[in-house]
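Line by line, the protein sequences give chains G and F.
Numbers 596 to 931, taken from the numbering used here, label the letters of the first sequence in order.
Numbers 596 to 931, taken from the numbering used here, label the letters of the second sequence in order.
2 protein chains.
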Amino acid sequence: MHMARLNVAVVGTGAVGEAMLAVLAERHFPVAEIKVLATSRSAGKKVFFAGQEVTVQETTPASFAGVHLALFAGGDASKEFAGEAVRHGAVVIDNSSTFRLDPDVPLVVPEVNPEAVRGHHGIIANPNCSTIQMVVALKPLYDAAGLRRVVVSTYQAISGAGSDAIAELLEQIRAALEGREAQPAVLPQRIAFNLFPHIDVFLPDGSTKEEMKMVNETHKIMGADIPVTATCVRVPVVNGHAEAVNVETEKKLAAAEAREILRRAPGIVIQDDPAAGLYPMPFTASGRDEVFVGRIREDNTVANGLNLWVVADNLRKGAATNAVQIAEVLREYGML
Amino acid sequence: MHMARLNVAVVGTGAVGEAMLAVLAERHFPVAEIKVLATSRSAGKKVFFAGQEVTVQETTPASFAGVHLALFAGGDASKEFAGEAVRHGAVVIDNSSTFRLDPDVPLVVPEVNPEAVRGHHGIIANPNCSTIQMVVALKPLYDAAGLRRVVVSTYQAISGAGSDAIAELLEQIRAALEGREAQPAVLPQRIAFNLFPHIDVFLPDGSTKEEMKMVNETHKIMGADIPVTATCVRVPVVNGHAEAVNVETEKKLAAAEAREILRRAPGIVIQDDPAAGLYPMPFTASGRDEVFVGRIREDNTVANGLNLWVVADNLRKGAATNAVQIAEVLREYGML
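Rendered as structure tokens:
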């Protein structure tokens with residue numbers, strides 16, 4: 596069963612598209628034929644999949660003929676082509692925010708709500724990077740003790756804003772070291788040796804869309820309206836998002852209990868021996884597929900408080916790995 | 596009254612010592628004679644005060660003869676020489692953590708508890724950088740509405756770890772750009788394009804000493820045991836600490852009310868027009884003496900929740916400026 600190899604399209608050749616190709620190969624996803632699709636600007640470019648050169652093609656509706664699985668890396672392509680892909684019979688796993696809150700579209704983190712894929716009508720949405728790593732850490736605590744409230748502050752890497760933003764960080768740093776000025780173009784502010792609480796656009800209530808993604812996507816994925824308040828901050832780190840997460844559980848959990856619950860949970864690696872210098876960091880999480888949790892401490896300012904420090908590779912678990920894991924769930928369920 | 600110029604000693608020639616000299620001059624503190632003291636390693640070095648070259652002298656007990664005011668920049672010198680300075684009749688304002696929680700030593704932020712200086716016995720302690728900027732923002736809210744709980748996550752610049760740490764960041768960044776490896780020596784982990792939740796040492800309960808400073812110093816300065824839980828994080832920013840502060844007040848404050856209360860408060864500049872790209876950042880706060888507050892939002896996950904984003908120059912308001920302001924309070928009270 597399910598041994599048939601699949602024709603797979605990856606739509607997008609930016610940082611997330613590249614990570615999708617890498618993760619498909621690393622996890623030995625059963626690919627028959629791979630197509631890499633992008634805008635006309637990138638068509639003709641060469642990329643690599645499992646050691647083989649692949650020529651990027653311009654995305655057109657006809658691109659999806661014969662495609663079983665289409666992974667959309669994000670951006671405008673989803674609005675334009677996800678429906679076309681579905682009409683051609685493909686299952687779409689979409690990393691853009693377009694469909695995430697659509698009630699007809701499952702929003703899935705395989706460690707949290709894999710069964711949600713069963714309700715799909717062609718499109719399954721991949722959540723926002725900062726939401727994915729948080730819910731992987733929250734779900735086991737929710738199951739064990741309930742969650743009354745979450746206060747999260749993020750430390751989000753530049754790769755989440757795309758390859759051009761990484762180039763901008765590096766160029767600004769070179770300029771600063773040489774005493775030159777460099778104006779922001781991709782990011783909203785100077786990022787070299789700086790940081791700012793501005794990711795995605797501002798909403799009328801003064802929060803950002805990124806902050807509201809962490810609230811609304813968490814509700815949908817967890818299937819529970821857990822109160823979440825978020826402050827999302829861009830930091831001059833190339834790759835790997837960190838989060839300081841303060842939670843109030845319904846039932847008291849000692850730090851040691853919380854640590855054991857998280858240690859046994861899927862997709863989590865505990866790094867929590869601070870006296871030995873062991874705690875999660877972007878530099879050590881980068882290139883890895885798991886969510887790293889450490890600094891697990893009781894917070895005695897409320898009855899059942901806990902502090903957690905949660906780090907993951909935002910291009911991998913926060914995007915590409917999670918998308919490929921969704922495809923793996925579909926295979927496991929015989930739906931692909 | 597109080598017009599006599601004073602003999603001032605600055606003890607320490609690192610980042611904070613330098614900032615103390617700059618701030619004394621900028622604020623036209625009435626200096627008769629300036630002495631710059633340091634270890635034998637730095638003796639003979641030339642520094643500048645108000646455009647004049649000053650030769651650094653090795654600190655000895657006799658250094659404090661005739662000194663009216665001694666500003667200790669931090670480190671081991673305080674333990675060794677603060678008592679000597681007092682015995683010689685100087686008032687000591689000490690930026691180290693040595694005396695901060697000593698019940699006989701006032702711990703002062705002039706915008707918050709200036710009157711506390713009246714109880715001094717020769718030494719007044721300057722609080723930790725991350726605490727100072729937080730309490731400047733919390734005090735007006737506490738006075739207006741009470742404070743039930745504070746959850747703070749920090750984004751702390753490298754300058755807080757001293758000049759050698761800044762050099763280490765820059766060298767690691769150069770190494771990374773050139774594809775070389777560079778091991779951490781001053782900081783506990785690689786800092787280039789990385790960050791870590793490790794400032795000062797870890798305590799048995801899993802928190803850091805830095806995190807407990809934010810709790811205990813806040814209690815002492817505010818004169819109230821407001822529940823505070825902190826996660827302190829070192830980020831690859833040269834100068835300027837940022838803090839995501841979530842507060843629960845006793846009485847409800849709308850975001851607009853909180854903004855007006857903070858706008859009228861001493862030492863605070865409101866930068867809160869996010870749609871126009873205006874919010875506090877380390878890069879814009881660096882070199883300034885005020886505390887910058889923005890992203891003021893209601894947090895509806897609790898009855899009376901507010902989110903604030905608080906940024907200040909950790910070498911200035913977080914250290915040197917606060918120390919000089921304490922000296923100004925002493926002058927104003929006729930105590931110096």
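Each residue gets a CB set at the ideal place from its N, CA and C atoms; glycine is no exception.
Note that the coordinates shown come from a computational prediction; the quantities given were computed from them, not determined experimentally.
ALA756 (chain F) (DSSP reduced to helix, strand or coil)
In this structure, ALA756 (chain F) counts as helix in the three-state DSSP scheme.
What does PHE887 (chain F) pair with, by DSSP beta-bridge criteria?
The partner list for PHE887 (chain F) (beta bridge, DSSP) reads F:VAL864 and F:VAL906.
Taking contact to mean at least 3 C-beta pairs separated by less than 8 Å, is the region 738-758 of chain G in contact with the region 819-832 of chain G?
Enough Cβ pairs lie closer than 8 Å, so yes.
Beta-ladder partner(s) of GLN829 (chain F), from DSSP
The question names Gln, but residue 829 (chain F) in the sequence shown is Arg. Paired residue(s): F:GLN751 and F:PHE791.
Could you tell me if HIS597 (chain F) is buried or exposed, where buried requires 16 or more neighbouring beta carbons within 10 angstroms of its beta carbon?
Confidence at HIS597 (chain F) is low in this model, with a pLDDT of 49, below 50, so its placement is unreliable and no value can be given for it.
Check whether the Cβ atoms of VAL723 (chain F) and ASP689 (chain F) sit closer than 8 Å, and answer yes or no.
According to the sequence as given, residue 723 (chain F) is Asn; it is not Val. In this structure, ASP689 (chain F) does not lie closer than 8 Å to ASN723 (chain F) by Cβ.
Whole angstroms is fine: what's the gap from ILE816 (chain F)'s alpha carbon to GLU679 (chain F)'s?
26 Å
At 3 residues or longer, what runs of the beta strand (DSSP E) sit wholly inside the region 706-783 of chain F?
With a minimum length of 3 residues, the continuous beta strand (DSSP E) runs that stay inside the region 706-783 of chain F are 718-720 and 742-750.
Three-state class that DSSP yields for ILE688 (chain G) in the structure shown
strand
Cβ shell of ASN902 (chain F) (< 6 Å), same chain only, five flanking positions each side left out
ASN841, ARG892 and ASP894
In angstroms, rounded to a whole number, what distance separates the CA positions of ILE761 (chain F) and GLU773 (chain G)?
Looking at the two C-alpha atoms, the distance is approximately 16 Å.
In angstroms with no decimal places, state the Cα-to-Cα distance between VAL712 (chain G) and ILE727 (chain F).
Computed Cα separation, rounded: 50 Å.
ALA915 (chain F) vs ALA614 (chain F) beta-carbon contact at 8 Å
yes
Would you give the residue range spanned by the alpha helix (DSSP H) that GLU944 (chain F) belongs to?
What is shown of chain F runs 596 to 931, which leaves residue 944 (chain F) out entirely.
Is the region 871-880 of chain F touching the region 775-787 of chain G in the sense that three or more CB pairs, one from each, lie closer than 8 Å?
yes
Taking 8 Å as the threshold (C-beta atoms), are VAL746 (chain F) and VAL746 (chain G) in contact?
yes
Given 8 Å as the limit, is there contact between the region 796-813 of chain G and the region 839-856 of chain G, that is, 3 or more CB pairs closer than that?
no
Could you pull the start and end residues of the alpha helix (DSSP H) that VAL810 (chain G) belongs to?
804-817
Pick helix, strand or coil for ARG892 (chain G), following the three-state DSSP scheme.
strand
Compare the beta carbon distance of ALA677 (chain F) and VAL687 (chain F) with 8 Å and say whether it is the shorter of the two.
yes
Between the C-alpha atoms of SER658 (chain G) and LEU632 (chain G), what's the straight-line distance to the nearest angstrom?
8 Å
According to DSSP, which residues form a beta bridge with GLY669 (chain G)?
Note: GLY669 (chain G) sits in no beta bridge, so no partner.
Interface residues of the region 852-875 of chain F facing chain G [CB-CB below 7 Å]:
PRO869, ALA870, GLY872 and TYR874
So what does LYS846 (chain F) bridge to, in DSSP terms?
DSSP output for LYS846 (chain F) lists no bridge partner at all.
Got a sec? Which residues, its chain only, sit under 6 Å from ASP795 (chain G) by beta carbon, not counting five neighbours each side?
If we look at ASP795 (chain G) and ignore the five residues flanking it on each side, its Cβ neighbours are THR803, LYS804 and GLU805.
DSSP-derived helix/strand/coil call for PHE797 (chain F):
strand
Cβ shell of ASN899 (chain G) (< 8 Å), same chain only, five flanking positions each side left out
ALA740, ARG743, GLU843, THR844, GLU845, LYS846, LYS847 and LEU848
Taking only beta-carbon positions, decide if TYR928 (chain F) is within less than 8 Å of chain G.
no
Closer than 7 Å between beta carbons: that is the criterion. Which residues of the region 723-754 of chain F meet it against chain G?
ARG744, VAL746, SER748 and TYR750
What does the alpha-carbon distance come out to for the pair GLU812 (chain F) and PRO861 (chain G)?
Each residue's alpha carbon lies about 40 Å from the other.
Under three-state DSSP, which class holds VAL700 (chain G)?
coil
Indicate whether at least one CB of chain G lies closer than 8 Å to the CB of GLY913 (chain F).
no
At a CB distance below 8 Å, what residues from the region 896-909 of chain G approach chain F? Give them in sequence order.
Per Cβ criterion, the list reads THR896, VAL897, GLY900, ASN902 and TRP904.
Based on the DSSP output, what are the partners of LYS912 (chain F) in its beta bridges?
DSSP output for LYS912 (chain F) lists no bridge partner at all.
List, in order along the chain, the chain G residues whose C-beta lies closer than 9 Å to that of ASP795 (chain F)?
The contacting residues do not exist; ASP795 (chain F) stays about 12 Å from chain G at best.
Between SER748 (chain F) and ALA839 (chain F), how many whole angstroms is the CB-CB distance? I'm expecting something under 8 Å.
5 Å
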